[in-house]
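In this note's numbering, the protein residues as written are 58 to 335.
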């Protein structure tokens with residue numbers, strides 16, 4: 058695993074040899090057009106090099122425009138998108154990928170994910186992703202919101218281990234079993250909603266933030282990093298996008314890392330992958 062300091066350069070090496078930045082901008086619920094274009098450009102100006110979108114976010118076109126206009130060479134950026142639930146299945150995933158690629162205006166996607174483990178479909182969807190990677194249209198392939206049994210299914214089926222599993226992960230939902238499985242199989246875990254959708258009013262986190270002279274958000278994002286978890290906080294506000302990047306210049310003590318982990322309540326702000334009407 059690469060150096061955990063050094064703001065934007067480097068990042069973990071995935072199991073396929075690609076390097077992915079530790080920090081990215083999430084654009085869930087960011088409006089297509091001016092709002093997402095402005096957010097992506099602000100992030101890139103700040104130093105972010107990873108942008109995480111999805112077909113289901115309905116803002117791939119704006120992300121693509123921002124990528125073209127941001128002034129940073131394409132090969133320095135890491136772009137993730139995801140296949141929507143209604144498009145899952147083998148042939149339909151291949152078609153959906155072409156739509157995403159066209160909207161983004163990119164020849165090659167850095168990371169393509171299955172957005173949710175849709176029952177009866179995610180195995181075939183995974184096979185489509187394997188095909189896209191073999192064709193050179195995607196550099197890395199992975200999944201999102203997969204629990205251990207979903208991961209085991211696709212690995213047993215194909216022998217191909219996902220490079221990334223993007224999951225809801227934060228101090229109130231630490232998903233230790235998923236993390237343990239990922240570590241054992243060299244799957245990089247990535248956190249969505251790392252800042253608990255703004256629910257940061259937790260006394261312990263405030264106390265730790267005060268001690269380190271940091272914001273609660275920076276404490277939580279540093280906590281992700283020290284567990285080897287990639288993080289993609291979402292914001293459309295320039296000052297927050299900048300603030301969220303300010304967690305590379307300090308280190309939490311082992312005791313503080315453990316204290317934050319002990320806040321776990323298995324509390325989801327998003328849907329439960331095992332109990333969700335897809």
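Where a beta carbon is used, it is the ideal one built from N, C-alpha and C, also for glycine.
Can you name the residues that DSSP bridges to residue i?
i, result
"residue 223", "201 and 247"
"residue 135", "107"
"residue 329", "332"
"residue 337", "The requested residue 337 is not part of the displayed model; the chain covers only 58 to 335."
"residue 195", "166"
"residue 160", "Looking at the DSSP assignment, residue 160 forms no beta bridge with any residue, so it has no partner."
"residue 140", "171"
"residue 83", "109 and 291"
"residue 230", "227"
"residue 70", "76"
How many Å lie between residue i and residue j at the Cα?
i, j, result
"residue 191", "residue 267", "49 Å"
"residue 236", "residue 226", "10 Å"
"residue 320", "residue 255", "16 Å"
"residue 242", "residue 202", "16 Å"
"residue 132", "residue 314", "34 Å"
"residue 170", "residue 312", "34 Å"
"residue 292", "residue 332", "28 Å"
"residue 179", "residue 186", "10 Å"
"residue 75", "residue 115", "27 Å"
"residue 288", "residue 105", "12 Å"
"residue 297", "residue 251", "14 Å"
"residue 67", "residue 322", "33 Å"
"residue 123", "residue 231", "33 Å"
"residue 112", "residue 272", "32 Å"
"residue 307", "residue 184", "41 Å"
"residue 200", "residue 244", "10 Å"
"residue 264", "residue 144", "45 Å"
"residue 224", "residue 147", "23 Å"
"residue 177", "residue 207", "11 Å"
"residue 78", "residue 259", "28 Å"
"residue 108", "residue 134", "8 Å"
"residue 318", "residue 234", "13 Å"
"residue 253", "residue 274", "10 Å"
"residue 216", "residue 209", "10 Å"
"residue 158", "residue 174", "22 Å"
"residue 212", "residue 139", "19 Å"
Return yes when the Cβ of residue j is within less than 8 Å of the Cβ of residue i, no when it is not.
i, j, result
"residue 93", "residue 119", "yes"
"residue 302", "residue 80", "yes"
"residue 72", "residue 218", "yes"
"residue 121", "residue 162", "yes"
"residue 182", "residue 150", "yes"
"residue 69", "residue 327", "no"
"residue 299", "residue 103", "yes"
"residue 160", "residue 117", "yes"
"residue 154", "residue 205", "no"
Rounded C-beta distance between residue i and residue j? I'm assuming under 8 Å.
i, j, result
"residue 142", "residue 172", "6 Å"
"residue 281", "residue 248", "5 Å"
"residue 277", "residue 330", "Going by Cβ atoms, the distance from residue 277 to residue 330 rounds to 22 Å, so no, they are not a contact pair."
"residue 279", "residue 304", "4 Å"
"residue 309", "residue 283", "6 Å"
Just checking: is the beta-carbon of residue i within a distance shorter than 8 Å of some beta-carbon in chain C?
i, result
"residue 161", "The structure shown contains no chain C; it is built from a single protein chain."
For this session: Count the C-beta pairs between the segment 154-172 and the segment 180-199 that are closer than 8 Å, then say yes if the count reaches three, no if not.
Result: yes
Exercise. At a cut of 8 Å, does the segment 116-129 reach the segment 83-101 through at least three beta carbon pairs?
Worked result: yes
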